[in-house]
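K.L.:
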Amino acid sequence: MFNCLRNTKKEKMGRVPIRPLLLFLYVLLLNWASVTCQNGTLTPSRPRVVNVGALFTFNSTIGRVAGAAMRLAVEDVNNDASVLAGTRLKVIEQDTNCSGFLGVVGALELMVNDVVAIIGPQSSGIAHVISHVVNELNVPLLSFGATDPALTSLQYPYFVRTTQNDYFQMNAVADVIKYNGWREVISIFVDDDYGRGGITALGDALAKQRSKISYKAAFPPNADNSTINDLLVQVNLMESRVYVVHVNPDSGLNIFSIAKNLGMLSTGYVWIATDWLASVLDSSDPASPDMFNLVQGVIALRHHTPDSDLKRAFVSRWNSMIHKESSTISSLNTYGLYAYDSVWLAAHAIDQYLSERQNISFSADSKLRDANGSVLHLELLQSFDGGSKLLQNVMQANFTGLTGTIQFAPDGNLVRPSYDVLNIGGTGFRIIGFWSNYSGLSVVAPEILYGKPTNKSTNSQQLYSAIWPGETTEKPRGWVFPNNGKPLRIGIPNRAGFKEFVSNDTGPDKVKGFCIDVFKAAINLLPYPVPCSFILFGDGSANPNYNELVQKVADNSFDAAVGDISIVTNRTRIVDFTQPYIESGLVIVAPAKEMNSSPWAFLQPFTWEMWCVTGVFFILIGAVVWILEHRLNSEFRGSPRQQIVTICWFSFSTMFFAHRENTVSALARFVLIIWLFVVLIINSSYTASLTSILTVQKLSPGIDGLDSLISSSLPIGYQVGSFAKNYMIEELNIAESRLVELRQPEDYARTLDLGPKDGGVAAIVDEVPYIDIFLSSYCKYKTVGQEFTKSGWGFAFPRDSPLAVDLSTAILTLSENGDLQRIVNKWLTKRGCSSQNNANDSNQLSLPSFSGPLPHMWHCLLYRPHSVLHKDMLPV
């Protein structure tokens, strides 16, 4: 029984109570539904698949890498459980085949497939067209290759650049050019949106550095080799030897191949390529020696991507994939990294969008209705309802990808733009530095400098040395005289006077003079030939207007101006000057008349009041000393006549410290010490004043410096064509009616001799070199006061002319080796009388200067012996 009961009990325990269990589950379901209804609406379920479009050129340098990278990214996203949480990301690819029309067609086909975002395109031109489509249908466009700075979020709000903006790349190129000291470059670029936008940005960046693009050499996107050859032949005839190449990767090497055949990759040339060249070389790894042979010595930029474990793992995975599928996959370049990160950027934005319980839905666009019975079926294109929210998620992204931090600045560009600066040589290239918007050029990686204070000063900019075309480490000058068979047109002032500096000649050069010899000597020091053609400016009857001569250089009527051209402010605003080859400045010249000293000149140092007061004090001091010494000192006693003589002799002999009487009382000695100190002062002042009266020339009619020249109303002479006229009117506020034009040194002498009363001038204001020549021949005049301006003479060239810099170096060389001084001695050596001899003559004293005291001395010498003799002959 036990067994039966036991078996019956065991059988009952093995049955499942189904009804209570179903009741329990039903109650839980009702409770969950109740809670959900209380919280609001039901949570929408995530879609199984989300479509994303990919638009690029399949068979291109960038497209082959970008396509493979995006497929790897999709695979990684779908295998990552932390992203999209069960939703599968599907990328639909469309080939644009480098055609704007096919790009639009491909974009429309993607829109029909209800894509929520499009990755691409790689072309800036296609991006311009497609951006209008995505703006209308609210679909974010994530471009990993469109670098044109004209593509901005202001005009195209749904365009998102997931690579670096060419605005920053061109700033990097400009900094490299400034670092090497080049002032002019020639840009070679493809004539499309990508090329034009980049070169425009380069021009703006160079302008900030006081450099410029001297010539823009553009060629069509599908140009053949003949067109490129003609273009390079043309630029090779120009001055600049610095070329910036901004073209498409698939046709860029043709330029270097043709340039090499033309000999343009030899010593003296500079080639700078934007990031397209690095993409070609990276994608061709291992590149053939022939490819590297075309670009020896070229400087290239490449997007900088910080080294990381994530990047190293991906590169290793890529290389393994290449070995398996070597026939279809290229080596990795930076655009492939940006394409990979673009897929992850879309995935993160979509994941956030779905996590916020947003539905993926599309609605018809009222603007696309086929009201006219069109067969285009535009009603199939629908607008993405959540496009603005998804775009917001994209712009707020912040994660670390293969290219570094993926984060957008307020202007819509990726934060921390940076580039590697590469130098190609041998069978590879090396990094000679980095550029970042944070610190400029540096040999330290940007990610290290981000933790330090920003420093873009000139002294902080640094690159390693480069190997330039021609396998030389010497930095190219970047400029040569243009090889176009045209000589340099040199404007020469045709002067009427002071022809020692520059004048007309019958020789082969048609000009001669000090300035011409300096220019020829400097030109001969240049390491390249500079043929010149001298053109006279002016008719020779009067000095030409030098401001007009300089203006002709600025207007390119002359290639340069050589002569006695002063470097002044208003001229430096329109042209560039060389280093001054002679010092100059304005001085005043006036006639000097020697005043004949009066026989009574020895009385002139003091006024009559001073003489009277001094005499009274002499007698007073003698009387005081006599009073103090009379009772104690026998030398101050005697008859009244003797005591009066003693007082007078003692007081006046103190003037020469020759008194013989000894003072006994302390009080008298104290008075005498004070008096001797006063006498010393009076004696020194008298001597100095008398010296000035007897020896110093007086200037007539009273111009003794700049202040007296300004304050007077007397006429002033100046040389025709000189900047002295404008300076006196504008800076010194001298009335123009006071100024008198003069042409030659003879006019200077004639007007100074006439003086202001007879139609002449009181003084002449001119530059030091002219005045030195004038005073070497005319000795009756001298300079007055100090030189009141400081300047120099230089050769004028158009703004930013490299020839001005090279000639400045040559002028410094002439100064250092003594050649400049020899030219000065040849043309400007003083002749005739010298100012030194004239000054010595004026300082000599003659007998009339002493005709006052000498007769009195002679009278005393004769009278005193006669009176003594007469006294002795009187009877006793």
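Taken in order, the sequence shown gives residues -37 to -1, 1 to 839; the numbers are from mature numbering (1 follows the signal peptide of the UniProt record, and there is no 0). Idealized CB from N, CA, C, for every residue including glycine.
Would alanine 459 be called buried (16 or more neighbouring beta carbons within 10 Å of its own) or exposed?
P.N.:
Counting from 1 along the sequence shown, the entry for residue 459 is found at position 496. Alanine 459 comes out buried.
K.L.:
Between which residues of its own chain and aspartate 348 is the CB-CB distance below 6 angstroms, once the five residues before and five after are set aside?
P.N.:
Looking up residue 348 in the sequence shown gives position 385. Correct list, in chain order: Ser324, Ser326.
K.L.:
If you measure between the beta carbons of asparagine 376 and asparagine 128, is that distance less than 7 angstroms?
P.N.:
Within the sequence shown, numbered from 1, the residue matching residue 376 stands at position 413. Within the sequence shown, numbered from 1, the residue matching residue 128 stands at position 165. Taking 7 angstroms as the Cβ cut-off, asparagine 376 and asparagine 128 qualify as a contacting pair.
K.L.:
Note down, one range per segment and in chain order, each alpha helix (DSSP H) of at least 4 residues found wholly within the region 491 to 538.
P.N.:
509 to 517, 532 to 535
K.L.:
Report the partner residues of histidine 209 according to the DSSP bridge assignment.
P.N.:
For this step, residue 209 is matched to residue 246 along the sequence shown. Note: histidine 209 sits in a beta bridge opposite Phe152.
K.L.:
Got a sec? Which residues, its chain only, sit under 7 angstroms from lysine 688 by beta carbon, not counting five neighbours each side?
P.N.:
By 1-based counting over the sequence shown, the position of residue 688 is 725. Result list for lysine 688: Tyr681, Leu702, in chain order.
K.L.:
Got a sec? Which residues, its chain only, sit under 8 angstroms from aspartate 328 by beta carbon, not counting five neighbours each side?
P.N.:
As a working mapping, residue 328 is identified with position 365 in the sequence shown. Result list for aspartate 328: Glu99, Leu100, Leu344, Gln345, Ser346, in chain order.
K.L.:
Please go through the region 33 to 75 and give each complete alpha helix (DSSP H) segment of 4 or more residues, from N-terminal end onward.
P.N.:
63 to 75
K.L.:
With a cut-off of 8 angstroms on the beta carbons, I'd call histidine 267 and phenylalanine 397 a contact; round off their distance for me.
P.N.:
Locating residue 267 in the sequence shown gives position 304, where the first residue counts as 1. Locating residue 397 in the sequence shown gives position 434, where the first residue counts as 1. Right, the Cβ-Cβ distance comes to about 6 angstroms (below 8 angstroms), so this counts as a contact.
K.L.:
Identify the residues that DSSP records as bridge partners of threonine 435: which are they?
P.N.:
For this step, residue 435 is matched to residue 472 along the sequence shown. Note: threonine 435 sits in a beta bridge opposite Trp431.
K.L.:
Do you know offhand how far arginine 594's Cα is from leucine 643's?
P.N.:
One-based indexing of the sequence shown puts residue 594 at position 631. One-based indexing of the sequence shown puts residue 643 at position 680. The alpha-carbon of arginine 594 is positioned some 29 angstroms away from that of leucine 643.
K.L.:
Measure the CB-CB distance between glycine 684 and asparagine 506 and report whether it falls below 7 angstroms.
P.N.:
On the sequence shown, residue 684 is found 721 positions in, with the first residue counted as 1. On the sequence shown, residue 506 is found 543 positions in, with the first residue counted as 1. Yes, the Cβ-Cβ distance between glycine 684 and asparagine 506 is below 7 angstroms.
K.L.:
Start and end of the beta strand (DSSP E) containing arginine 265?
P.N.:
Translated into positions along the sequence shown, residue 265 becomes position 302. Element bounds for arginine 265: 262 to 266.
K.L.:
Buried or exposed: threonine 126, going by 16 or more other Cβ atoms within 10 Å of its Cβ?
P.N.:
Numbered from 1 along the sequence shown, position 163 holds the residue referred to as residue 126. Buried, by the Cβ-count rule.
K.L.:
Touching or not, the region 66 to 75 and the region 89 to 97, by the rule of three or more beta carbon pairs under 8 angstroms?
P.N.:
yes
K.L.:
For valine 261 versus glycine 548, is the C-beta spacing smaller than 7 angstroms?
P.N.:
For the purposes of this step, residue 261 is taken as the residue at position 298 of the sequence shown. For the purposes of this step, residue 548 is taken as the residue at position 585 of the sequence shown. In this structure, glycine 548 does not lie closer than 7 angstroms to valine 261 by Cβ.
K.L.:
Let's see if you can read the secondary structure: which residues bound the alpha helix (DSSP H) around glycine 88?
P.N.:
Translated into the one-based positions of the sequence shown, residue 88 becomes position 125. Residues 87 to 100.
K.L.:
By how many angstroms is the C-alpha of glutamine 370 removed from the C-alpha of methionine 358?
P.N.:
Walking along the sequence shown from the start, residue 358 turns up at place 395. Walking along the sequence shown from the start, residue 370 turns up at place 407. Looking at the two C-alpha atoms, the distance is approximately 8 angstroms.
K.L.:
To the nearest angstrom, report how far apart threonine 776 and threonine 237 are at their CA atoms.
P.N.:
Numbered from 1 along the sequence shown, position 813 holds the residue referred to as residue 776. Numbered from 1 along the sequence shown, position 274 holds the residue referred to as residue 237. Spanning the two alpha carbons is a distance of roughly 38 angstroms.
K.L.:
Output needed for serine 116: all residues of its chain with C-beta closer than 7 angstroms, excluding positions within five of it in sequence on either side, in chain order.
P.N.:
Here residue 116 refers to the residue found at position 153 when the sequence shown is read from its first residue. Result list for serine 116: Phe122, Gly375, in chain order.
K.L.:
Tell me the rounded alpha-carbon separation between aspartate 468 and lysine 475.
P.N.:
Taking the sequence shown and counting its residues from 1, one reaches residue 468 at position 505. Taking the sequence shown and counting its residues from 1, one reaches residue 475 at position 512. Using only the alpha carbons, I get a separation of about 6 angstroms.
K.L.:
Taking its Cβ as the centre, do 16 or more other Cβ atoms sit within 10 Å of cysteine 575, making it buried, or is it exposed?
P.N.:
Position 612 of the sequence shown, counted from the first residue, corresponds to residue 575. So cysteine 575 ends up on the exposed side.
K.L.:
Three-state secondary structure (DSSP) at isoleucine 545?
P.N.:
The sequence position of residue 545 within the sequence shown is 582, counting from 1. Strand at isoleucine 545.
K.L.:
Let me confirm a value: threonine 390 is counted as buried when at least 16 other C-beta atoms fall within 10 Å, else exposed. Which label applies?
P.N.:
Position 427 of the sequence shown, counted from the first residue, corresponds to residue 390. That one is exposed.
K.L.:
I need the boundaries of the alpha helix (DSSP H) containing glutamate 592, first residue and last residue.
P.N.:
By one-based count along the sequence shown, residue 592 stands at place 629. 571 to 592 is the extent of the alpha helix (DSSP H) around glutamate 592.
K.L.:
Going by DSSP, what residue range makes up the alpha helix (DSSP H) through threonine 714?
P.N.:
Counting from one through the sequence shown, the residue named residue 714 turns up at place 751. Start and end: 708 to 717.
K.L.:
For glycine 215, which residues from the same chain have a beta carbon less than 8 angstroms from its beta carbon, with the 5 sequence-adjacent residues on both sides left out?
P.N.:
Along the sequence shown, one-based indexing puts residue 215 at 252. Only Val208, Ala236, Trp239, Leu240, Val243 meet the Cβ criterion.
K.L.:
Relative to the C-alpha of valine 531, which residue among Ile673, Gly757, Asp253 is closest?
P.N.:
As a working mapping, residue 531 is identified with position 568 in the sequence shown. The shortest C-alpha separation from valine 531 is found at Gly757.
K.L.:
Leaving out five residues before and five after phenylalanine 497 in sequence, what residues of the same chain have Cβ atoms less than 7 angstroms from its Cβ?
P.N.:
Counted from its first residue, the sequence shown places residue 497 at position 534. Cβ neighbours of phenylalanine 497 beyond the five flanking positions: Ile453, Ile455, Asp472, Lys473, Val474.
K.L.:
Given that a residue counts as buried once 16 or more other Cβ atoms are within 10 Å of its Cβ, and exposed if not, what is leucine 225?
P.N.:
For the purposes of this step, residue 225 is taken as the residue at position 262 of the sequence shown. It counts as exposed.
K.L.:
Would DSSP call threonine 368 helix, strand or coil?
P.N.:
On the sequence shown, residue 368 is found 405 positions in, with the first residue counted as 1. Threonine 368: strand per DSSP, three-state reduction.
K.L.:
With burial defined as no fewer than 16 other Cβ atoms inside 10 Å of the residue's Cβ, what is the status of phenylalanine 107: buried or exposed?
P.N.:
Your numbering for residue 107 matches position 144 in the sequence shown. Phenylalanine 107 comes out buried.
K.L.:
Taking the straight line between their C-alpha atoms, what separation do you get for alanine 17 and isoleucine 55?
P.N.:
To locate residue 17, count along the sequence shown from 1; it is residue 54. To locate residue 55, count along the sequence shown from 1; it is residue 92. It is roughly 6 angstroms from the alpha-carbon of alanine 17 to the alpha-carbon of isoleucine 55.
K.L.:
Do isoleucine 162 and asparagine 150 have their beta-carbon atoms positioned less than 7 angstroms apart in this structure?
P.N.:
Taking the first residue of the sequence shown as position 1, residue 150 is located at position 187. Taking the first residue of the sequence shown as position 1, residue 162 is located at position 199. According to the sequence provided, residue 150 is serine. The question's asparagine does not apply to it. Going by C-beta atoms, serine 150 is nearer than 7 angstroms to isoleucine 162.
K.L.:
Buried or exposed: which applies to glutamate 709, given that a residue is buried once 16 or more other Cβ atoms fall within 10 Å of its Cβ?
P.N.:
Taking the first residue of the sequence shown as position 1, residue 709 is located at position 746. The residue in question, glutamate 709, is exposed, as its Cβ has fewer than 16 Cβ neighbours within 10 Å.
K.L.:
By Cβ distance, which residues of its chain are closer than 8 angstroms to arginine 51, with the 5 residues on each side in sequence left out?
P.N.:
As a position in the sequence shown, residue 51 is number 88, starting the count at 1. If we look at arginine 51 and ignore the five residues flanking it on each side, its Cβ neighbours are Arg11, Val12, Val13, Asn41.
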